[in-house]
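Worksheet for the structure shown next.
Chains as they are written, first to last, in my numbering: chain A, 2 to 112; chain B, 3 to 119.
Okay, structure coming up:
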């Protein structure tokens with residue numbers, strides 16, 4: 002089993018749609034969780050950290066379910082500029098500050 | 003106000019010819035990381051420096067080496083590049099042990115895209 006698993010997509014949605022991605026992780030002791038966004042041929046950029054209580058940043062909402070070991074990202078009112086690959090990120094088993102990245106879920110928002 | 007800078011952005015090298023990629027940061031973060039990312043794959047951690055301490059991942063080939071002469075700079079040396087080493091190389095920083103609220107978030111440079119001919 003991979004340490005971090007994501008549906009590769011692509012998710013193809015119209016502008017204005019709501020879309021959700023899930024990610025599962027294998028290490029039950031993980032403490033750090035993030036969503037990164039990566040545009041084609043660019044570097045990953047931090048989108049948001051994921052907290053136990055869930056957190057929201059504008060149109061983006063992240064949730065953590067420790068019992069089931071999954072993380073979700075909800076994007077409301079999708080914009081064309083949201084088209085990117087979204088990487089689920091969790092800290093490694095042997096370290097709190099080393100991160101392991103999922104392969105990403107690709108989102109395409111169409112006009 | 004670039005925070006993590008990588009040079010060059012694009013590097014072409016010949017099979018077997020050593021190459022060095024550089025990374026600098028203005029964040030004063032104590033940890034610097036090197037990742038390799040191939041097309042449609044996740045970034046893969048090669049190694050990192052926690053302050054001056056070098057930490058290699060178990061599956062990183064010996065062909066890859068790193069140097070960190072000071073807090074701001076870190077280098078990735080590929081001693082004998084093979085065709086399979088063509089990839090994007092990403093440098094990142096974080097500050098897990100700094101201050102009252104250390105952070106585990108990592109900040110990436112723009113990457114160096116390496117081509118091996």
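For glycine and all other residues, C-beta sits at the position ideal for the given N, C-alpha and C.
- Under a 10 Å Cβ-count criterion, residue 92/A is classified as buried, with 16 or more other Cβ atoms of the shown protein chains found around its own Cβ.
- For residue 27/A, the closest of 56/A, 2/A, 83/A, 13/A by C-alpha to C-alpha distance is 2/A.
- Sequence-distant Cβ neighbours of residue 68/B in its own chain, meaning closer than 8 Å and more than five residues away, are 36, 48, 49, 51, 56, 76, 77, 78, 79.
- Collapsing the DSSP output to three states places residue 82/A in a helix.
- Checking the DSSP bridge columns, you'll see residue 48/B has no partner listed.
- By the neighbour-count definition (other C-beta atoms within 10 Å, threshold 16), residue 107/A is a buried residue.
- Shown in chain order are the members of the segment 44 to 59 of chain B whose Cβ falls below 9 Å from a Cβ of chain A: 44, 45, 46, 47, 50, 52, 57, 59.
- The Cβ of residue 116/B sits no closer than 8 Å to any Cβ of chain A.
- Listed along chain B are 106, each with a C-beta nearer than 7 Å to that of residue 33/A.
- Under the DSSP definition of a beta bridge, residue 13/A partners with 109/A.
- At a C-beta separation below 7 Å, residue 44/A has these neighbours in chain B: 92, 110, 111, 112, 113.
- For residue 92/A, the closest Cβ of chain B is nearer than 8 Å.
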